Each structure stands twice: as C-alpha cells, then as structure tokens.
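Residue numbers (the working numbering): 71 to 169.
Notes follow the structure.
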C-alpha cells in the first residue's frame, strides 16, 4: 500500500485541474509513492562534505575571438528590404502611440 492516499492524489489532481479516473487514482498513488520514496532516499545520502555542483564535469564555453569582418554596404542591404526610410529598415507599427 502506498504512503500517499487516493484522496491526496485527487487533491493534487484538482489543484492541477486534471481530470482523473478512479483507476488512475490508484495508479498515480503508486507512482507518486515510488517517486517520493526515491527523493527521500536521495535526501538520506551522507553528502555533508560534498560541495553542491550543477555538473560533474566543469563546463567552459569555447568562443572564437570577436574580430570585425567584411559586411555589406547599407545601400545594398536596404535595396533588398521590403521598405526603407532614412537609411533604416521600415517595419510595421506594433505599438500604439499611448504605449
């Protein structure tokens, strides 16, 4: 028998706005019991001397140097744009004047 009751599963389902059948209450009670037991076992591990870590292996971002390169001339870019105004891309308005 699980340590979490059918009533608790039904309560959790109501909070999550999930429709659960009577058969699912029993299934979910068993599954939640396994999950909670596993979490409890992890909590019982003597890890006081182990510092918290997010990854077992250290992660380092490998980035290329940021070096300026050749780019297109503004006129060339704006010629292929659907609309341009004052040497800028013209885009549809998305905000009202009040915003």
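Backbone N, C-alpha and C define an ideal beta-carbon position, used for all residues, glycine too.
The model shown is predicted, which means the values in this text are computed figures rather than measured ones.
- Taking the Cα of residue 101 as reference, the smallest distance to any Cα among 152, 131, 145 and 75 is reached at 75.
- Under the three-state reduction of DSSP, residue 149 is assigned to helix.
- DSSP places residue 158 in the strand class (E or B) of the three-state scheme.
- Note on residue 79: 16 or more other CB atoms within 10 angstroms of its CB, so buried under the neighbour-count rule.
- Each residue's CA atom was taken as its position, placing residue 106 and residue 98 some 12 angstroms apart.
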